[in-house]
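As given, the protein sequences belong to chains H and A, one line each in that order.
For the first sequence, our numbering assigns the number 105 to the initial residue and increments by one for each residue that follows.
For the second sequence, our numbering assigns the number 10 to the initial residue and increments by one for each residue that follows.
Using N, Cα and C, we set each Cβ at its ideal position, and we do this for glycine too.
Predicted model only: the values in this text are computed from it and were never measured.
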Amino acid sequence: MREFAIKDCALAHIATGRRAQTLRELRDILRDVHPGCIYHHFWGTLMRPQFSNLEYNNDFASWCFESLHDSTAAERLSAIDPADYANLEDLRQELLDVIESRLDETELILFTRPDQQFSFVRSVIVVFDTYRLLADPAELAVAVPQMSVGSIFYHFIDARRRDPVGIDDFRAWLCGEGGGYEEVCRKIAEVDPYFESLHDLRARLTGLFARYFGKGAQLENRNG
Amino acid sequence: MADKSLQTLLERYADHAGEDAIQQLRQLASLLTGQRVVHVNSTRKGGGVAEILEKLVPLMQELGIDTRWEVIEGNEDFYVCTKSFHNALQGKNIRIPETLLRVYEEVNARNAERLRPILESAEIVFIHDPQPAPLLRHCPNRIGKWIWRCHIDLSNPYRPVWKYLRNYVVDYDASIFSLDAFAQPMPHPVFIIPPSIDPLSEKNLTLAAKVVRETLEEFNIDPRRPIVLQVSRFDRFKDPLGVIHAYTLAKQFVPSLQLVLAGGGAADDPEGDVVLSEVREAAEGDPDIHVLSSGHYTDRTINALQAGADIVLQKSLREGFGLTVTEAMWKGKPVIGGNTGGIRLQLMNHRTGFLVETPEGAAMRIRYLLFERRRIGQIGHAARDLVRQNFLITRHLREYLTLMVALIHGNEDRIELG
Numbered sequence: 105m106r107e108f109a110i111k112d113c114a115l116a117h118i119a120t121g122r123r124a125q126t127l128r129e130l131r132d133i134l135r136d137v138h139p140g141c142i143y144h145h146f147w148g149t150l151m152r153p154q155f156s157n158l159e160y161n162n163d164f165a166s167w168c169f170e171s172l173h174d175s176t177a178a179e180r181l182s183a184i185d186p187a188d189y190a191n192l193e194d195l196r197q198e199l200l201d202v203i204e205s206r207l208d209e210t211e212l213i214l215f216t217r218p219d220q221q222f223s224f225v226r227s228v229i230v231v232f233d234t235y236r237l238l239a240d241p242a243e244l245a246v247a248v249p250q251m252s253v254g255s256i257f258y259h260f261i262d263a264r265r266r267d268p269v270g271i272d273d274f275r276a277w278l279c280g281e282g283g284g285y286e287e288v289c290r291k292i293a294e295v296d297p298y299f300e301s302l303h304d305l306r307a308r309l310t311g312l313f314a315r316y317f318g319k320g321a322q323l324e325n326r327n328g
Numbered sequence: 010m011a012d013k014s015l016q017t018l019l020e021r022y023a024d025h026a027g028e029d030a031i032q033q034l035r036q037l038a039s040l041l042t043g044q045r046v047v048h049v050n051s052t053r054k055g056g057g058v059a060e061i062l063e064k065l066v067p068l069m070q071e072l073g074i075d076t077r078w079e080v081i082e083g084n085e086d087f088y089v090c091t092k093s094f095h096n097a098l099q100g101k102n103i104r105i106p107e108t109l110l111r112v113y114e115e116v117n118a119r120n121a122e123r124l125r126p127i128l129e130s131a132e133i134v135f136i137h138d139p140q141p142a143p144l145l146r147h148c149p150n151r152i153g154k155w156i157w158r159c160h161i162d163l164s165n166p167y168r169p170v171w172k173y174l175r176n177y178v179v180d181y182d183a184s185i186f187s188l189d190a191f192a193q194p195m196p197h198p199v200f201i202i203p204p205s206i207d208p209l210s211e212k213n214l215t216l217a218a219k220v221v222r223e224t225l226e227e228f229n230i231d232p233r234r235p236i237v238l239q240v241s242r243f244d245r246f247k248d249p250l251g252v253i254h255a256y257t258l259a260k261q262f263v264p265s266l267q268l269v270l271a272g273g274g275a276a277d278d279p280e281g282d283v284v285l286s287e288v289r290e291a292a293e294g295d296p297d298i299h300v301l302s303s304g305h306y307t308d309r310t311i312n313a314l315q316a317g318a319d320i321v322l323q324k325s326l327r328e329g330f331g332l333t334v335t336e337a338m339w340k341g342k343p344v345i346g347g348n349t350g351g352i353r354l355q356l357m358n359h360r361t362g363f364l365v366e367t368p369e370g371a372a373m374r375i376r377y378l379l380f381e382r383r384r385i386g387q388i389g390h391a392a393r394d395l396v397r398q399n400f401l402i403t404r405h406l407r408e409y410l411t412l413m414v415a416l417i418h419g420n421e422d423r424i425e426l427g
């Protein structure tokens, strides 16, 4: 079995200076804004301060709900799973389609207070090696709780954008090397990454791997 | 528990931020091996910038990064000028005489003579705030990346002053602002790095219950009765009168309630005295309102007041980041804050506190929390966790390191190393 190389990452956030006060302005800016902004507001948002039990899974939906008070737009935007799109341009187009259809069906022009405008921000992601390798899947039970939240982000969130079929690195590793791990892969697939902080996500994955591989497997592996 | 006196600074921070966060800092720092970094500001002691650098610089050194902290030296007129800059950049209409601007330029030219060899040979130079901004112009043979770190809210600057300063800033390789809302458009990348608190500082150390109780008693505050607290300058934007209104409304339902307003007026803010006298007038006749206004309280006293409060208010009408909110959250307190500025980044209704628009809203949340007292603990716990994960100095440092790596490697959207 090939080894699993644990990577880590950190994000830098760059302001674009572009801001929207209405849904129409959001649409207009989205048409040509830097693709890094699409990444940031879907994926990068999970690396920013947040709370458990998020209501919406991307910044566009959250803004529509919290600042524009347009629940319909918020709900539809939150239904977009960014992992379903091959690239950021396809994702941009889907966003535009959802917003266009909302603009078509409502005559309301909702706008936010000036201090609650949507600010377009883009991310720079720096990925670096931790030089830690896992040779056996059972080691995940020990390695995951020691990972930084940057590693969790890289392997569980960012992976979905890198992987051609939009899955996380853990499943790609476990399922890519033949049979035997279908059950744990199914369990991992059930973990929705969009509704809790990375710390909570790490705790959830820690529990999942501990239950599946068990303490005995970890120790046996470490000693072996 | 390890002997604290033998712990390195990083180990001490690991106790608060977690070993994984420190390990990540070490790995990021390893990407910067051999880089010489210089921070420049205008004071070694006092003020928020010096407070941050006091910790950031030793931490960077301990991570193996060759880091220096240089301070420019100015005369009285220089500081009069830069104080005016500060106020003007935050929106006050202040005309700065040409003579003061010439002093500002001359002081920077003089400091550049002294600092040039260090600055020109550094790979990364952080220039903090407007005071040393012109140094870049005096270092034509610089080899490194220069970053202007603006700690000021520039969202609504007095334009003539900003136009003057912008001339010095546009030539930098990047700038950093604390919030996106504070940033001005620039011809270079504008990074967003929120501020942070230091869990090891006097302001944020965990105090013994006895110290907290004694501090409360020193000010005749009854530790056995509910306490709401606001720590802030007596400034209209902090809405101290709104706080008293909220307290008055809540007290009708919680007669034992006490209110503490602790802070001072800035020496250069004549309106502070006016606001303070209005506050005193509004508080008159109610022995349960404690107006602590000398403004000379130690960090430890403020820490004890925050630790002793049941609920902390920051009912600002306009706010920068709101580090007093962060400090209270770190002490496990639910905070009721104005729905503005950086407070919005920290408080989420029913989870880490409450955002309110009015004194009535604040009163309702005070009543709710004192009625459902178990929520005080639950929200306070979540608030402390949020700060631990996002607003400690270790996160601040991580973002500086990330920015440095990003700039050195060309500022691509995705930088894969190792």
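Could you say which of the options lies nearest to residue i if we only look at CA atoms?
i, options, result
"A:W78", "A:V414, A:R45 and A:L270", "A:R45"
"H:K291", "H:Y189, H:H259 and H:L312", "H:L312"
"H:G270", "H:N191, H:E300 and H:V137", "H:N191"
"A:P169", "A:V89, A:I136 and A:G100", "A:G100"
"H:P139", "H:A293, H:V228, H:P241 and H:C289", "H:V228"
"A:I320", "A:V288, A:G329 and A:V240", "A:V240"
"H:C168", "H:R196, H:V246 and H:L207", "H:L207"
"A:E408", "A:T42, A:H95, A:A30 and A:E107", "A:A30"
"H:Y189", "H:P268, H:E211 and H:Y160", "H:P268"
"H:C365", "H:F299, H:E300 and H:F260", "Outside the shown range of chain H, which is 105 to 328, sits residue 365 of chain H, and nothing can be said about it."
"H:E286", "H:G121, H:P241, H:T149 and H:I133", "H:P241"
"A:L399", "A:L354, A:A291, A:E71 and A:D162", "First, the amino acid is wrong: residue 399 of chain A is Asn here, not Leu. Out of A:L354, A:A291, A:E71 and A:D162, A:L354 has the C-alpha closest to the C-alpha of A:N399."
"H:G284", "H:S255, H:F317 and H:I184", "H:F317"
"A:E71", "A:I105, A:V89 and A:R35", "A:R35"
Given this structure, state the Cα-to-Cα distance separating residue i from residue j, to the nearest angstrom.
i, j, result
"A:G419", "H:V231", "14 Å"
"A:H405", "A:G56", "17 Å"
"H:R264", "A:L426", "20 Å"
"H:N325", "A:A259", "Interpretation of H:N325 is limited by its pLDDT of 45, a score under 50 that renders its predicted location unreliable; no figure is taken from the coordinates."
"H:L130", "A:E211", "44 Å"
"A:R111", "A:S51", "17 Å"
"A:T91", "A:Y113", "8 Å"
"H:F257", "H:M151", "7 Å"
"A:R309", "A:R233", "21 Å"
"A:I201", "A:L326", "23 Å"
"H:T234", "H:P249", "15 Å"
"A:E122", "A:C148", "9 Å"
"H:F224", "H:A124", "8 Å"
"A:M413", "H:I213", "42 Å"
"A:N84", "A:P139", "16 Å"
"A:L364", "A:L128", "44 Å"
"H:K111", "A:T257", "55 Å"
"A:E381", "A:L301", "29 Å"
"A:L285", "A:A271", "11 Å"
Buried or exposed, going by whether 16 or more other CB atoms sit within 10 Å of the CB of residue i?
i, result
"H:Q221", "buried"
"A:N229", "exposed"
"A:T215", "exposed"
"A:V179", "exposed"
"A:K340", "buried"
"A:Q267", "buried"
"A:N358", "exposed"
"H:M105", "exposed"
"A:V49", "buried"
"A:H299", "buried"
"H:T120", "buried"
"A:N165", "exposed"
"A:L305", "First, the residue type needs correcting, since residue 305 of chain A is His and not Leu in the sequence shown. Exposed, by the Cβ-count rule."
What is the C-beta distance between residue i and residue j, in whole angstroms, given that I count them as a contact (C-beta under 8 Å)?
i, j, result
"A:K342", "A:A255", "No, A:K342 and A:A255 are not in contact; Cβ-Cβ is about 16 Å, not under 8 Å."
"A:I402", "A:A415", "Incorrect: roughly 20 Å between the Cβ atoms, too far for contact."
"A:D244", "A:G281", "6 Å"
"H:R226", "H:I133", "At roughly 12 Å, the Cβ-Cβ gap does not stay under 8 Å, so H:R226 and H:I133 are not in contact."
"A:L332", "A:I206", "6 Å"
Shorter than 8 Å from the beta carbon of residue i to some beta carbon of chain B?
i, result
"A:T367", "In the structure shown, chain B cannot be found, because the protein chains are H and A."
Please find out if some non-hydrogen atom of the ligand ADP comes closer than 7 Å to the beta-carbon of residue i.
i, result
"A:D138", "Among the components of this structure there are no ligands whatsoever, and the ligand ADP is therefore not found."
### Query
Using a beta-carbon distance cut-off of less than 8 Å, what residues from the region 413-425 of chain A approach chain H?
Listed in sequence order: V414, A415, H418, N420, E421, D422, R423, I424 and E425.
#### Entry: Contacting positions in the region 291-310 of chain H - beta carbon closer than 9 Å to chain A
So the close ones are S301, L302, H303 and R306.
### Task
Identify each residue in the region 190-210 of chain A for which the Cβ-Cβ distance to at least one residue of chain H is less than 7 Å, and report them in chain order.
Those residues of the region 190-210 of chain A placed with their C-beta closer than 7 Å to a C-beta in chain H are A190, A192, P194, P198, V199, F200 and I201, ordered along the chain.
### Query
What residues from the region 23-46 of chain A come within 9 Å of chain H, judged by C-beta to C-beta, listed N to C?
Listed by position, the residues of the region 23-46 of chain A near chain H (Cβ gap below 9 Å) are G27, E28, D29, A30, Q32, Q33, Q36, L37, S39 and L40.
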